[in-house]
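Below is one structure; the comments refer to it alone.
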Amino acid sequence: MTYAYLKGQFVPVDQAKISIQNNTFQYGTGIFEGIRAYWNPQGRQLYVFRLVEHFCRMLRNCRVLKLNIGKDEKELSEIATELLRKNHPETDTYIRPIAYVDSDGLGPKFVGYPTGFAMYTIPLGDYIDVSSGIKVGFSSWRRINDNTIPARCKVTGGYVNSALAKTEALEHGYDEAIFLTENGFISEGSAENIFLIRGGKLITPALSEDILEGITRETIIELAREELGIETVERPIGRTELYVADEAFLCGTGAQVSPMIEVDKRPLGNGRIGPITAKIQALYFDVVKGKQKKYSHWLAPVY
Ligand code: PMP
C-alpha cells in the first residue's frame, strides 16, 4: 500500500483527495516542493538530499503567499521521513509536499482561509537526459516577473509559465526551453537553473533574474568552489553569451546535472559534453548517492 499525507494523517494515496471546488485547484494559490531521495544499494539505505533545506525554502516561500503550514522545517522533515518509511521504496524517489489554500471559498486571496498541507512520494529516475546532452531553445514566452508571480517561489500557478515554454520547446524539437527575463537576460529553464562555463569559470544568472532560488544551484556553486577551485560569477547574461559559451548545463532536483550540447540549432562549445560539466556532474552524483563522506551532512538517511 502506498501512503500520502493529508490533513495531518497518513492515508492510502487513493484516498488522499481534495474537492474540485478547492481554491488552490481553481487559482494556483499553492506552494510546492520537489525533493529527491537516492537509493544506495550497497548500504541498503535511502538518502534524502538536503531535506531540511527544501522545507526551509518552502516555509520562506509560504511567507510570500501568506500561507501558514503551522509546522517548522524539522517537523515537516519528520513527516517526510515517516512517509518514506511507510512507503519503504528501494529505488530513487521523488517527494512532493504542497501547501495549499484549504477552502472551497470563491475568489483568489490569501486572507481568511486556512492553509492545508499534503505530501506524496513517487519513484523517479531521470527527469531529463543526463548522459547524452540535451538540445535547448530560447522560449518566445518570457519568465514571470517578481512583481507578477515570484519565480523565486515554487508557486503552483507560476508553472503555467513553465508549461507554456516546455510545450513550445518540445513542439519545436528541443528537449528543454530557456527563458529570458522581461529585460531580455537569461533566466532559467522551465524547471532548472542554468550555468555557463567560459574560460574555466562558472557563470549563472543572479537571484535578481527571476529564477527559483535553486538548492541544486547553491550545491553546485559550493562543490565547484570547494572541490574544483572554480568560482561562480552571478551576473546578468545575454542570450548570445550562451551561443558562445564553452560549456553549459541545467541543474535541479529533478534534472540533476543535465549537460547542454545545442542551443537554438547551434552547437554549444564543440557540440559535446564539456570536461568541466562532466566533472561537476560526476561530483554531484557522488555526493547525492552518499559516496563523498565530506558531504554526508547533506544526506538524511531514512531507514
Ligand atoms: N527553476 C525552476 C523553475 C524549478 O522548478 C526548479 C526545480 N525545483 C529549479 C529551478 C531547480 O531548483 P532545485 O535545485 O531547488 O530543485
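When we follow numbering that gives the first Met the number 0, the leftmost residue of the sequence shown carries the number 0, and every step to the right adds one. Positions of the beta carbon are idealized from the N, C-alpha and C atoms, including for glycine.
Beta-carbon spacing of residue i, residue j below 9 Å
| i | j | result |
| --- | --- | --- |
| Asn-192 | Cys-250 | yes |
| Tyr-4 | Tyr-112 | no |
| Thr-155 | Ile-78 | no |
| Val-286 | Leu-222 | yes |
| Glu-175 | Gly-188 | yes |
| Pro-258 | Gly-132 | yes |
| Arg-56 | Ile-214 | yes |
| Tyr-99 | Ile-121 | no |
| Thr-114 | Gly-69 | yes |
| Asn-60 | Arg-142 | no |
| Tyr-303 | Leu-267 | Because the chain here runs from 0 to 302, residue 303 falls outside it and cannot be looked at. |
| Leu-45 | Leu-83 | yes |
| Gly-27 | Lys-153 | no |
Buried versus exposed call for residue i [16 or more other C-beta atoms within 10 Å across all chains shown]
| i | result |
| --- | --- |
| Val-63 | exposed |
| Tyr-302 | exposed |
| Gln-8 | exposed |
| Ile-19 | exposed |
| Val-232 | exposed |
| His-53 | buried |
| Glu-230 | exposed |
| Gln-280 | buried |
| Phe-138 | The sequence given here places Ser at residue 138; Phe does not occur at that position. Buried is the call here. |
| Ala-162 | exposed |
| Glu-208 | buried |
Distance between residue j and residue i (C-alpha atoms, nearest Å)
| i | j | result |
| --- | --- | --- |
| Lys-85 | Thr-1 | 8 Å |
| Arg-35 | Ser-295 | 15 Å |
| Lys-292 | Gly-106 | 50 Å |
| Asn-21 | Glu-81 | 27 Å |
| Leu-50 | Gly-237 | 34 Å |
| Val-256 | Val-135 | 14 Å |
| Lys-65 | Asn-269 | 47 Å |
| Pro-40 | Ala-205 | 37 Å |
| Gly-273 | Phe-109 | 46 Å |
| Gly-42 | Glu-89 | 11 Å |
| Ile-202 | Glu-240 | 10 Å |
Contact belief for residue i with residue j at Cβ below 8 Å, rounded distance in angstroms
| i | j | result |
| --- | --- | --- |
| Lys-278 | Leu-195 | About 15 Å; that fails the 8 Å criterion. |
| Ala-190 | Ala-254 | 7 Å |
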